[in-house]
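Taken in order, the sequence shown gives residues 14 to 109; the numbers are from the numbering used here.
A virtual CB, placed ideally from N, CA and C, is assigned to each residue, including glycine.
Have a look at the structure below, then the notes.
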Amino acid sequence: MKDLGPLAANQQARLVALLDKLGSLPTAEAIVGCAKAVGIHPGIETDRARMDAASAGAWAFDRTLMYVERLRSLNAERMQIGNEIRHLLATPYPTT
Numbered sequence: 014m015k016d017l018g019p020l021a022a023n024q025q026a027r028l029v030a031l032l033d034k035l036g037s038l039p040t041a042e043a044i045v046g047c048a049k050a051v052g053i054h055p056g057i058e059t060d061r062a063r064m065d066a067a068s069a070g071a072w073a074f075d076r077t078l079m080y081v082e083r084l085r086s087l088n089a090e091r092m093q094i095g096n097e098i099r100h101l102l103a104t105p106y107p108t109t
């Protein structure tokens, strides 16, 4: 990890531990953890708006990944069907 400047060694170690923990969480939980770490208060309207926007972004990110995975599986299925069609066209049906 890049040195973050004039932090004391114990602060640097705590920050690295926090970043490691947040990095292992799902996106939405990581956003909530980050908000707690920087002191965002849900009772303050501007903080609540920031959290809502971050949560919406996390939801969209997770959805997009799910859609991309599904599109990839559908594309693989499409390719397999195309290969089967080409194989059937190359192997004519017996006429006798």
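Rounded C-alpha distance that separates residue i from residue j
i, j, result
"Trp-72", "His-54", "21 Å"
"Met-14", "Thr-40", "Here the model assigns Met-14 a pLDDT of 47, short of 50, so the residue's position is not dependable, and the following value carries that caveat. Whole-angstrom Cα-Cα distance: 20 Å."
"Leu-84", "Asn-96", "18 Å"
"Met-79", "Asn-88", "14 Å"
"His-100", "Glu-90", "15 Å"
"Lys-49", "Gln-93", "48 Å"
"Lys-34", "Gly-46", "9 Å"
Whole-angstrom C-beta distance between residue j and residue i, which should lie under 8 Å
i, j, result
"Ala-67", "Ile-44", "5 Å"
Residues of its chain near residue i, where Cβ-Cβ distance is below 8 Å and the 5 sequence neighbours each way are ignored
i, result
"Arg-61", "Pro-55"
"Asn-23", "none"
Close Cβ partners of residue i (< 6 Å) along its chain, the five nearest in sequence each way excluded
i, result
"Ser-86", "none"
Handout entry: Length at least 3, wholly inside the segment 53-86: the beta strand (DSSP E) runs in chain order
Key = Within the segment 53-86, complete beta strand (DSSP E) segments of at least 3 residues are not found at all.
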